[in-house]
Amino acid sequence: MPRGTLRRAIIAILLILAVSSPRCSRTRDMKARKGGPRKQLLQVFKYALYQYEAENGQIPHDPDGTAAALYKLRPFIDLRSLPQVNGRPDLEFDAARATLVNNPFDYLNQPATRLEELSVNTVVIAEKDACATGGQWLLLADGLLTFAADGRHVAGELHDQ
């Protein structure tokens, strides 16, 4: 076998092994998620959170929990902007109970809190079901949306960037 053919065969085998490795697969999965509905939903919440704070002087808080606190953002959200999953919004607002249905997020539900008072890398909103997705989207206090591959963050903690 000619020397150049052997070299090409070895390179081809190494490329196949590299592309099929779990690490590469995880990278592809993360890239696929970058434009997913949860990131879009976090962007919607981000702008609603800024508007709520500008109007009320603090971010929403509710003693009934995260879903009730995030429901307070409803007046600042255009329902048509919510991402669709299987033809339905990824998130639903229940006006009768003043809460979110199927709330996929953990939220920093602290009374009398302003975003500017928090450390810039404080997690304000985090995806709950991180284990199922292979990582998790986070909204930090400085407005940065970031994807954490380890998927173990909760609202209120500091995220190392």
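Residue 1183, in our numbering, is where the sequence shown stops; the numbers in between run on with no holes. We treat Cβ as the ideally placed atom computed from N, Cα and C, and that holds for glycine.
**Q.** Neighbour-count burial assignment, Arg-1186, 16 or more Cβ in a 10 Å radius
**A.** The question about residue 1186 has no answer here: the residues shown for the chain are numbered 1023 through 1183.
Cα-Cα separation between Arg-1110 and His-1181, rounded to whole angstroms:
For Arg-1110 and His-1181, the distance between alpha carbons rounds to 32 Å.
_For Val-1145 and His-1175, which I take to be in contact (beta-carbon distance under 8 Å), what is that distance rounded to the nearest angstrom?_
Sure, about 5 Å apart at Cβ, within 8 Å.
* To do: Going by DSSP, name the residue or residues bridged to Pro-1085.
  => For Pro-1085, DSSP assigns no beta-bridge partner whatsoever.
(Q) Using a 10 Å radius around the Cβ and a threshold of 16 neighbouring Cβ atoms, would you call Asp-1172 buried or exposed? (A) It counts as exposed.
Meets three-Cβ-pair contact criterion under 8 Å: the segment 1108-1122 and the segment 1132-1146: Three or more beta-carbon pairs separated by less than 8 Å are not found between the segment 1108-1122 and the segment 1132-1146, which leaves the two stretches without contact.
On the three-state DSSP scale, how would you describe Gln-1158? The DSSP-derived three-state label of Gln-1158 is strand.
| task | Go ahead and pull the three-state DSSP assignment for Pro-1111. | result | It is a strand residue.
Q | Segments of 3+ residues assigned as beta strand (DSSP E) that fall wholly inside the segment 1110-1151 | A | Listed in chain order, they are 1114-1116, 1121-1123, 1127-1129, 1145-1149.
request  = Report yes if the C-beta distance between Phe-1115 and Arg-1096 is below 8 Å; otherwise report no.
outcome  = With respect to Arg-1096, Phe-1115 sits close: the two C-beta atoms are nearer than 8 Å.
Q. For the candidate residues Leu-1028, Lys-1094, Ala-1177, whose alpha-carbon lies nearest to that of Glu-1077?
A. Ranked by how close their Cα comes to the Cα of Glu-1077, the residues Leu-1028, Lys-1094, Ala-1177 have Lys-1094 in first place.
Handout entry: DSSP state of Ala-1070 mapped onto helix, strand, coil
Key = It is helical.
Exercise. Does DSSP put Gln-1080 in a helix, in a strand, or in coil?
Worked result: Taken through DSSP and simplified to helix, strand or coil, Gln-1080 comes out as coil.
Is the beta carbon of Leu-1161 less than 8 Å from the beta carbon of Leu-1064? Yes, Cβ-Cβ distance for Leu-1161 and Leu-1064 is below 8 Å.
* The beta strand (DSSP E) spanning Phe-1098 covers which residue range? -> Annotation: Phe-1098 is outside any beta strand (DSSP E) and is labelled neither H nor E by DSSP.
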